[in-house]
Amino acid sequence: MQATRLTLICHARTLAQKLARLPQDEPLEMDWQAQAASRAAELKRSTRVLCAPELRTRQTAALFSPSYQVEPALGDCALGDWQGLSLDFLQERQPQALQAWLADPHQAPPGGESVAELCQRVTRWLERLAQQPGHWLAVTHPWVMRAAMLEALQAPLHSFNQIDIEPLSRLDLSHAGRWRLRLDGRP
């Protein structure tokens with residue numbers, strides 16, 4: 003059985019992340035583009051590059067390959083009416099709804115997607131990808147990477163918010179019968 007290897011890369015930083023705003027379809031911050039290009043040089047060996055449909059992921063993926071493929075399943079969590087709002091704003095205007103959403107992975111923002119729904123979407127995508135051996139690189143979002151990590155570790159949903167994913171973070175997974183987390187021993 004030939005293995006499937008998956009390297010997930012978090013998109014480079016955006017102004018929304020810097021300002022603790024829930025994301026919109028914003029571009030990368032310019033100073034992070036150079037850091038992303040440096041990271042891309044390390045991973046050029048990956049020939050099949052996928053990315054989420056949002057601008058920030060497409061800009062980051064373009065640094066890895068000019069011929070990346072957009073994969074809708076890698077899209078960020080749909081935040082509905084809360085998209086683009088700051089957490090401070092939500093805490094001030096909708097504190098109970100915000101707390102319910104943060105505490106319950108089955109709770110979705112108004113018009114949005116719950117963490118549980120996001121994790122199900124990512125799990126279905128991982129199941130499809132497992133049928134396609136080789137090495138894949140996927141540029142995506144922190145929440146999608148958290149969902150992939152939960153699936154690989156078979157961790158409970160309530161651990162979702164206990165994982166921090168920084169811009170340009172890398173997560174390596176492999177599949178040969180089941181998904182496994184791969185730690186890279188290189189310095």
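Going by our numbering, the first residue of the sequence shown is number 3, and it counts up by one from there. In this text, a Cβ means the ideal position worked out from N, Cα and C, and glycines have one as well. The structure displayed is predicted, hence computed values, not measured ones.
Express the C-alpha separation of Arg126 and Gln85 in angstroms, rounding to a whole number. For the purposes of this step, residue 85 is taken as the residue at position 83 of the sequence shown. For the purposes of this step, residue 126 is taken as the residue at position 124 of the sequence shown. The straight-line gap from Cα to Cα measures roughly 24 Å.
In whole angstroms, what separates the C-alpha of Ser168 from that of Arg148? Looking up residue 168 in the sequence shown gives position 166. Looking up residue 148 in the sequence shown gives position 146. Sequence check: residue 168 is Glu here, not Ser. Cα to Cα, Glu168 sits roughly 11 Å from Arg148.
Per-residue DSSP class, three states only, for His143: Position 141 of the sequence shown, counted from the start, is the residue given in the question as residue 143. Of the three classes helix, strand and coil, the one that applies to His143 here is coil, per DSSP.
Distance, Cα to Cα, Thr62 vs Glu28? On the sequence shown, position 60 is the one that residue 62 refers to. On the sequence shown, position 26 is the one that residue 28 refers to. If you take the alpha carbons of Thr62 and Glu28, they lie about 12 Å apart.
Could you tell me the distance, in whole angstroms, from the CA atom of Ser171 to the CA atom of Ala140? Counting from 1 along the sequence shown, the entry for residue 171 is found at position 169. Counting from 1 along the sequence shown, the entry for residue 140 is found at position 138. Whole-angstrom Cα-Cα distance: 12 Å.
Tell me which residue opens and which closes the beta strand (DSSP E) that Asp174 is part of. The residue given as residue 174 occupies position 172 in the sequence shown. Per DSSP, Asp174 belongs to the beta strand (DSSP E) from 172-177.
Check whether the stretch 72-85 and the stretch 50-61 are in contact - that is, three or more C-beta pairs closer than 8 Å. yes
Leu128 classed as buried or exposed, judged by whether at least 16 other C-beta atoms fall within 10 angstroms: Here residue 128 refers to the residue found at position 126 when the sequence shown is read from its first residue. Classification of Leu128: buried, given that the 10 Å Cβ count is 16 or more.
Under 8 Å, do Trp181 and Ala154 count as touching if we go by C-beta distance? For the purposes of this step, residue 181 is taken as residue 179 along the sequence shown, with counting starting at 1. For the purposes of this step, residue 154 is taken as residue 152 along the sequence shown, with counting starting at 1. Result yes, Cβ atoms of Trp181 and Ala154 sit closer than 8 Å.
His143 vs Thr59 beta-carbon contact at 8 Å: Taking the first residue of the sequence shown as position 1, residue 143 is located at position 141. Taking the first residue of the sequence shown as position 1, residue 59 is located at position 57. Yes, the pair counts as a contact, with Cβ atoms nearer than the cut-off.
Nearest neighbour of Cys12, chosen from Gly179, His177, Leu173 [CA to CA]: Within the sequence shown, the letter at position 10 stands for residue 12. Comparing Cα positions, the closest option is Leu173.
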